[in-house]
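Here the protein sequences come in this chain order: A and B.
So for the first sequence, this note's numbering puts the first residue at 1; every next one is plus one.
So for the second sequence, this note's numbering puts the first residue at 124; every next one is plus one.
Just so it is clear, CB atoms sit at the ideal spot from N, CA and C, and this is done for glycine as well.
Notes follow once the structure below has been shown.
There are 2 protein chains.
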Amino acid sequence: MSTTLLQITDVSDTTGAACCTPLTRETIDADRAEELARKLKALADPTRLRLVSIVAASAGEEACVCDLIEPVGLSQPTVSHHLKVLMDAGFLTRSKRGTWAYYRLVPGALGQLSQLLDVTASR
Amino acid sequence: MSTTLLQITDVSDTTGAACCTPLTRETIDADRAEELARKLKALADPTRLRLVSIVAASAGEEACVCDLIEPVGLSQPTVSHHLKVLMDAGFLTRSKRGTWAYYRLVPGALGQLSQLLDVTASR
DNA sequence: CGACTATATCGATGGTTGTCAATATTGGGC
DNA sequence: GCCCAATATTGACAACCATCGATATAGTCG
Chain A
1 MSTTLLQITD VSDTTGAACC TPLTRETIDA DRAEELARKL KALADPTRLR LVSIVAASAG
61 EEACVCDLIE PVGLSQPTVS HHLKVLMDAG FLTRSKRGTW AYYRLVPGAL GQLSQLLDVT
121 ASR
Chain B
124 MSTTLLQITD VSDTTGAACC TPLTRETIDA DRAEELARKL KALADPTRLR LVSIVAASAG
184 EEACVCDLIE PVGLSQPTVS HHLKVLMDAG FLTRSKRGTW AYYRLVPGAL GQLSQLLDVT
244 ASR
């Protein structure tokens, strides 16, 4: 019913009798905010968004670095850097086959982030 | 079935992501990536996440600056700055009443962002 | 082994950002 | 009109970040 945005599942708010409006719904705590911000920061770059998007749209949902350089139009070291950031944040995994490095989406990662941001009753 | 992640909805809706029912498995284009990154960047800060959360959890879903300073533990100018960033990104609105400034969530903003990140079939 | 290829790491650099103190602005009360 | 409270803006500074060229690493093929 009420907004359940970014809430923390602390729950000990049974204290006050159920009133009407969402009075003291718990807000996100500092640690969790830090963690969420870390992940959002990894995605908050146009190049990285494109990389994730390209990987997701690729056949087999995987792509090797050589396929990614040309589409984003940046240098190979820069692309490698972005891929590392996305890996460290838990959005991609890497598997090397021969000289090539193939990147894949981590299955639930984006969906989980999406859920965290969601508002059950937006408006 | 297929991943529909970060897809572009084409169209010329410049006023923000129109979302919903993507047409293609096309990858996100540069312009849209830029736009999405801009919004994500606004959220990708622990303090701003906490501010949004507190506003969302407040009675009436609005809060004035004076209520926000103490919880986040930063200076008043810094809090004002963060609120401005969130407003510019379209997540909050401000309404002044007397000397006080009340901030509210923009109804669909977070949900829309959430949808954009979602993977329809994240495996 | 030696040449070549794909990718990662390093170092430097210009640009962005989070923060604060100081100051400006705006509205209310006397 | 004058003072005070709430908020916004400005200026400065340190930390961080995206990017590149150069270089290192590792795998392949002859």
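Asked: Three-state class that DSSP yields for residue 95 (chain A) in the structure shown; Found: strand
Asked: As assigned by DSSP and simplified to three states, the class of residue 89 (chain A); Found: coil
Asked: As assigned by DSSP and simplified to three states, the class of residue 197 (chain B); Found: coil
Asked: Buried or exposed by the 16-neighbour rule on C-beta atoms within 10 Å, applied to residue 59 (chain A); Found: exposed
Asked: Neighbouring residues, chain A, relative to residue 164 (chain B) (Cβ below 7 Å); Found: 44
Asked: Under the three-state DSSP convention, the category residue 57 (chain A) falls into; Found: helix
Asked: heavy atom of the ligand MG below 6 Å from residue 198 (chain B) C-beta; Found: Of the ligands one can find in the structure shown there are none, so the ligand MG has no counterpart to examine.
Asked: Min CB distance residue 21 (chain A) to chain B below 7 Å; Found: Confidence at residue 21 (chain A) is low in this model, with a pLDDT of 32, below 50, so the placement of that residue should be treated as unreliable; the coordinate-derived value is given next. With 7 Å as the cut-off, residue 21 (chain A) counts as an interface residue toward chain B.
Asked: Residues within the region 210-237 of chain B neighbouring chain A, beta-carbon criterion of under 7 Å; Found: 230, 231, 233, 234, 236, 237
Asked: Rounded C-alpha distance that separates residue 197 (chain B) from residue 239 (chain B); Found: 32 Å
Asked: Beta-carbon proximity list for residue 170 (chain B), same chain, < 7 Å, skipping 5 on both sides; Found: 195, 197, 205
Asked: Cut-off 7 Å between Cβ atoms - residues of its own chain near residue 156 (chain B), not counting five sequence neighbours on either side; Found: none
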